[in-house]
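Visitor: Same order as they appear, the protein sequences are chains A and B. Just so we're aligned, residue 1 is where the first sequence starts under my numbering, counting upward by one. Just so we're aligned, residue 313 is where the second sequence starts under my numbering, counting upward by one. Here a beta-carbon is modelled for each residue, glycine too, at the ideal position from N, C-alpha and C. One structure, as structure tokens, below. Some questions next.
Protein chains: 2
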Amino acid sequence: MRAVVALGGNALSPVGGTGSAEEMRASLRATSESLADLVERDVGLVISHGNGPQVGRILLQQEYAADHVPPMPMDVCGAESQGQIGYLLVQALDSAFRRRGLSTRALCLLTQVVVDGRDPAFRRPTKPVGPSYSRPQAQRIAHQTGHVFTIMPDKRWRRVVPSPKPLRFVEETPLLEVIEAGHVVVAAGGGGVPVVEHRNELRGVEAVVDKDLTAARLARLVHADLLLILTAVDKVATGYGTPAERAVDRLTVAEAKRLLAAGEFPEGSMGPKIEACVDFVAAGGSRAVIASLEHVTDAVFGGGGTEIVAHD
Amino acid sequence: MRAVVALGGNALSPVGGTGSAEEMRASLRATSESLADLVERDVGLVISHGNGPQVGRILLQQEYAADHVPPMPMDVCGAESQGQIGYLLVQALDSAFRRRGLSTRALCLLTQVVVDGRDPAFRRPTKPVGPSYSRPQAQRIAHQTGHVFTIMPDKRWRRVVPSPKPLRFVEETPLLEVIEAGHVVVAAGGGGVPVVEHRNELRGVEAVVDKDLTAARLARLVHADLLLILTAVDKVATGYGTPAERAVDRLTVAEAKRLLAAGEFPEGSMGPKIEACVDFVAAGGSRAVIASLEHVTDAVFGGGGTEIVAHD
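See below:
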């Protein structure tokens, strides 16, 4: 069985932590133990991951040092975060494999994702990135940089960037080769570094591709048997946060689409995860599951999590 | 023909520049044009590169933001620099290949290099990293962190870290696979992220492996026909900076060893390049050349640069 796994933020470092390397190593050690359970049961893994808090910290470092070091644009910061997270993740995975006497090894392939320069997302930035600011701070930065800001639920302001759809990966051929060779491959971290094709050039853009949609694209590319989206909750819920809240074991593509259209799942969190599962299954993928890292083996083998399937 | 190319700092951004992304893109565009000349002539390329100024800037950013974002240790900063430089280099290479209608594509594989925890280098840190400080600044940081500092020719102080020998790469198998598949592979940037094996674990260490020695190790691994060390000068000189200065076309391993032992080549610059060439050729490698990026085609095909060979 081949699975594409999308790791959420909680798999990389504790929510509300400082984001130190020690914290990341501890979280990644636990994450890698769960994933090694799958490798031990002969599941071939392609692993994608988020990078929100990590690239946020890199962007903040750019800002604090801006008088001394020229800040790198977002695409370059995204590539730095792939290096940072990919390195720590590969090291944690290899260590978990070695402890169990498994011969499988992990590697990280730096990945660029091609997006369409005419994607409507470029006209409507929605994805918050980097630190939060007071209104006057945000206004000053907007004036200096032309960046777009939006107000958050906590009344602080954050920069928003476009979140275009992933079309394909620049590194598709080598990606398939290393996966076919049987390695555990870490790829397309943070949704991939978004690039557009302009004549004969590739150019990085100031945008963030949703990591779950990228994972779905990756799952289609590698003909995965399973798209596995790991997050902080065990199952998807309908009526979330209301007295009618109900955990869902199984959704057909039609039901999922209906619930998405009804605004049942929040745009910034569960929405794109459901959408990614729908994308994959509707395009012929056999099975997609949203589950927690703690119950990952159940999600793959024993019916844990919320499964999205083509038909009843 | 297969060549392992080690790119020096001047190939990545202008010496004395600010290190902005625009500057890096411009330098990498020129570098990629030179390298595409080789690809056009059917040379298979494995590309390694330095990261001194880039990781120095990342370390400086850690420092300026340290009250707000936990600084990452050196191994993680090295991985970030592989992401940063690897991304920009792959993009520049692919664009150069596309402009010429070449079907070859580049990719970057994040690379860890295994070093020996008992390498004597760990008892004698020699490699300057990161920003330079006044004496009181350096003393304060040394007191807080335990870092070792040394005085530089300009009377400023810089942190020094150990520079152990590269033994092997964690990612050797996939590295060979993607090279055999015919891709241009960017690997082991900044000399590779140095790790030690400790029981069943891999652990990053605060050290820097010399990028030219790493390139020589890479050249042995992939059975390269040529180790090509690109730097700012066209040829190696003996008597450098004296009235007796003389450019050298060719050195045997025995001559090179004699000159190294005589202290003819400075430790921080030409020394490790010669040493890397000697390493490769003495281990059975056919040919090693030190040359400038401008004359890279001559160096490969027409006798430019300084060649290190086994015998006369």
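Which residue from B:Ala493, B:Ala566, B:Leu525 and B:Phe461 puts its Cα closest to that of B:Gln449?
Guide: Counted from its first residue, the second sequence places residue 449 of chain B at position 137. With distances taken between Cα atoms, B:Gln449 lies closest to B:Phe461.
Visitor: Just confirm the distance between the C-beta atoms of B:Val498 and B:Gly398, as a whole number of angstroms; I'd bet it's less than 8 Å.
Guide: Locating residue 498 of chain B in the second sequence gives position 186, counting from the first residue. Locating residue 398 of chain B in the second sequence gives position 86, counting from the first residue. The Cβ separation is near 5 Å, so the contact holds.
Visitor: Can you tell me which residues form a DSSP beta bridge with A:Tyr133?
Guide: The residue given as residue 133 of chain A occupies position 133 in the first sequence. BP columns for A:Tyr133 point to A:Trp157.
Visitor: Can you pull the chain B neighbours of A:Gln62, defined as C-beta to C-beta under 9 Å?
Guide: The residue labelled residue 62 of chain A in the question sits at position 62 within the first sequence. Chain B residues near A:Gln62: Gln373 and Ala377.
Visitor: Between which two residues does the beta strand (DSSP E) containing A:Gly146 stretch?
Guide: Within the first sequence, the letter at position 146 stands for residue 146 of chain A. It is not in any beta strand (DSSP E) - A:Gly146 carries neither H nor E in the DSSP assignment.
Visitor: Considering just the uninterrupted stretch of the alpha helix (DSSP H) at A:Ala30, what are its terminal residues?
Guide: Counted from its first residue, the first sequence places residue 30 of chain A at position 30. Where A:Ala30 is concerned, the enclosing alpha helix (DSSP H) stretches over Ala21 to Glu40.
Visitor: Mind listing, in chain order, the continuous alpha helix (DSSP H) runs of no fewer than 4 residues lying wholly within the region 382 to 439 of chain B?
Guide: Runs found: 386 to 411.
Visitor: At the level of alpha carbons, what is the spacing between A:Arg168 and A:Glu177?
Guide: Taking the first residue of the first sequence as 1, we reach residue 168 of chain A at position 168. Taking the first residue of the first sequence as 1, we reach residue 177 of chain A at position 177. Distance between the alpha carbons of A:Arg168 and A:Glu177 is about 16 Å.
Visitor: Buried or exposed, going by whether 16 or more other CB atoms sit within 10 Å of the CB of B:Ile541?
Guide: As a first step, residue 541 of chain B must be located in the second sequence, where it is residue number 229. Burial call: buried.
Visitor: Go ahead and pull the three-state DSSP assignment for A:Glu63.
Guide: Taking the first residue of the first sequence as 1, we reach residue 63 of chain A at position 63. Reduced to three states, the DSSP call for A:Glu63 is helix.
Visitor: Just by C-beta distance, which residues in the region 84 to 115 of chain A are closer than 8 Å to chain B?
Guide: Against chain B - using a Cβ distance shorter than 8 Å - the residues of the region 84 to 115 of chain A are Gln84, Gly86, Tyr87, Leu88, Val90, Gln91, Asp94, Ser95, Arg98, Arg99, Arg105, Leu107, Cys108, Leu109, Leu110 and Gln112.
Visitor: What's the call for A:Lys317, buried or exposed, on a 16-neighbour Cβ count within 10 Å?
Guide: This structure cannot settle anything about residue 317 of chain A, because the visible part of chain A is limited to 1 through 312.
Visitor: Compare the beta carbon distance of B:Thr526 and B:Pro584 with 7 Å and say whether it is the shorter of the two.
Guide: Position 214 of the second sequence, counted from the start, is the residue given in the question as residue 526 of chain B. Position 272 of the second sequence, counted from the start, is the residue given in the question as residue 584 of chain B. Result no, Cβ atoms of B:Thr526 and B:Pro584 do not sit closer than 7 Å.
Visitor: Output, in chain order, the set of chain A residues within a Cβ distance shorter than 7 Å of B:Ser332.
Guide: What you label residue 332 of chain B is simply residue 20 of the second sequence in a count that begins at 1. Going along chain A in sequence order, the residues near B:Ser332 (Cβ under 7 Å) are Pro70.
Visitor: Using the rule of at least 16 other Cβ atoms within 10 Å of the residue's Cβ for burial, across every protein chain shown, is A:Thr31 buried or exposed?
Guide: As a first step, residue 31 of chain A must be located in the first sequence, where it is residue number 31. Answer is buried; the Cβ neighbour count reaches 16.
Visitor: According to DSSP, is B:Arg558 helix, strand or coil?
Guide: To locate residue 558 of chain B, count along the second sequence from 1; it is residue 246. Three-state result, B:Arg558: strand.
Visitor: Taking Cβ to Cβ, would you say A:Ala188 is nearer than 7 Å to A:Thr111?
Guide: For the purposes of this step, residue 188 of chain A is identified with residue 188 of the first sequence, where counting begins at 1. For the purposes of this step, residue 111 of chain A is identified with residue 111 of the first sequence, where counting begins at 1. In this structure, A:Thr111 lies closer than 7 Å to A:Ala188 by Cβ.
Visitor: Taking 8 Å as the threshold, find out whether the region 553 to 564 of chain B comes into contact with the region 508 to 519 of chain B through three or more Cβ pairs.
Guide: Because the criterion of three Cβ pairs below 8 Å is not met, the region 553 to 564 of chain B and the region 508 to 519 of chain B do not touch.
Visitor: Using a cut-off of 8 Å between C-beta atoms, extract the partners of B:Asn512 located in chain A.
Guide: Position 200 of the second sequence, counted from the first residue, corresponds to residue 512 of chain B. Going along chain A in sequence order, the residues near B:Asn512 (Cβ under 8 Å) are Ser95, Arg98 and Arg99.
Visitor: On a CA-only basis, which of B:Pro506, B:His380 and B:Cys589 is nearest B:Val548? Give me that one, please.
Guide: Numbered from 1 along the second sequence, position 236 holds the residue referred to as residue 548 of chain B. Taking only the C-alpha atoms, the option nearest B:Val548 is B:Cys589.
Visitor: Which value, in whole angstroms, describes the spacing of the CA atoms of A:Arg100 and A:Ser81?
Guide: Numbered from its first residue, the first sequence carries residue 100 of chain A at position 100. Numbered from its first residue, the first sequence carries residue 81 of chain A at position 81. If I take the Cα positions, the gap works out to 29 Å.
Visitor: Spatial neighbours of A:Val289 within its chain, please: C-beta separation below 6 Å, excluding the five flanking residues on both sides.
Guide: Taking the first sequence and counting its residues from 1, one reaches residue 289 of chain A at position 289. Cβ within range, chain order: Leu228, Ala299, Gly305 and Glu307.
Visitor: Should B:Thr416 and B:Val351 be called a contact, given that it needs their Cβ atoms to be closer than 7 Å?
Guide: Against the second sequence, residue 416 of chain B aligns to sequence position 104. Against the second sequence, residue 351 of chain B aligns to sequence position 39. Cβ distance < 7 Å, so B:Thr416 and B:Val351 count as in contact.
Visitor: Between the C-alpha atoms of A:Arg258 and A:Val222, what's the straight-line distance to the nearest angstrom?
Guide: Start at 1 with the first residue of the first sequence, and residue 258 of chain A comes out as number 258. Start at 1 with the first residue of the first sequence, and residue 222 of chain A comes out as number 222. If you take the alpha carbons of A:Arg258 and A:Val222, they lie about 28 Å apart.
Visitor: Quick one, are the C-beta atoms of B:Val426 and B:Ser475 less than 7 Å apart?
Guide: Taking the second sequence and counting its residues from 1, the one referred to as residue 426 of chain B is at position 114. Taking the second sequence and counting its residues from 1, the one referred to as residue 475 of chain B is at position 163. Against a cut-off of 7 Å, the Cβ pair of B:Ser475 and B:Val426 comes out as no contact.
Visitor: In whole angstroms, give me the CA-to-CA distance for B:Glu557 and A:Pro70.
Guide: Sequence index remark: in the second sequence, residue 557 of chain B carries index 245 (1-based). Sequence index remark: in the first sequence, residue 70 of chain A carries index 70 (1-based). Approximately 38 Å, taken between the alpha carbons.
Visitor: Just to confirm before moving on: does the CB-CB distance between B:Val560 and B:Ala622 stay below 7 Å?
Guide: Position 248 of the second sequence, counted from the first residue, corresponds to residue 560 of chain B. Position 310 of the second sequence, counted from the first residue, corresponds to residue 622 of chain B. The answer is no: Cβ separation not under 7 Å.
Visitor: Does any residue of chain B bring its CB to less than 7 Å from the CB of A:Gln54?
Guide: Taking the first residue of the first sequence as 1, we reach residue 54 of chain A at position 54. Not closer than 7 Å to any Cβ of chain B, the Cβ of A:Gln54 fails to qualify, so no.
Visitor: Let me check one thing: in DSSP terms, what residues is B:Pro506 bridge-paired to?
Guide: As a first step, residue 506 of chain B must be located in the second sequence, where it is residue number 194. Partner(s): B:Val425.
Visitor: Taking any Cβ of chain B, which residues in the region 18 to 51 of chain A have a Cβ under 7 Å from it, in chain order?
Guide: Per Cβ criterion, the list reads Thr18, Gly19, Ser20 and Ala21.
Visitor: Could you check the C-alpha separation between B:Thr573 and B:Glu579 for me, to the nearest Å?
Guide: For the purposes of this step, residue 573 of chain B is identified with residue 261 of the second sequence, where counting begins at 1. For the purposes of this step, residue 579 of chain B is identified with residue 267 of the second sequence, where counting begins at 1. The question names Thr, but residue 573 of chain B in the sequence shown is Ala. So the alpha carbons of these two residues sit roughly 11 Å apart.
Visitor: Based on the DSSP secondary-structure assignment, which residues constitute the bridge partners of B:Phe577?
Guide: Stepping through the second sequence from its first residue, residue 577 of chain B is reached at position 265. Per DSSP, none; premise fails for B:Phe577.
Visitor: When we look at the beta-carbon of B:Ala528 and count the other beta-carbons within 10 Å, is it buried (16 or more) or exposed?
Guide: Position 216 of the second sequence, counted from the start, is the residue given in the question as residue 528 of chain B. By the neighbour-count rule (16 or more Cβ atoms within 10 Å), B:Ala528 is buried.
Visitor: Please compile the residues from chain B whose C-beta is within a distance smaller than 9 Å of the C-beta of A:His147.
Guide: What you label residue 147 of chain A is simply residue 147 of the first sequence in a count that begins at 1. By Cβ distance, chain B contributes nothing, its closest Cβ being about 16 Å from A:His147, past 9 Å.
Visitor: Near A:Glu171, which residues of its chain fall below 8 Å by C-beta distance, leaving aside the five closest residues on each side in sequence?
Guide: Stepping through the first sequence from its first residue, residue 171 of chain A is reached at position 171. These residues qualify, in order along the chain: Leu109, Leu110, Thr111, Gln112 and Ala187.
Visitor: 7 Å is my cut-off, CB to CB: does A:Arg118 come that close to chain B?
Guide: Residue mapping note: residue 118 of chain A aligns to position 118 of the first sequence, counting from 1. Not one chain B Cβ lies under 7 Å of A:Arg118.
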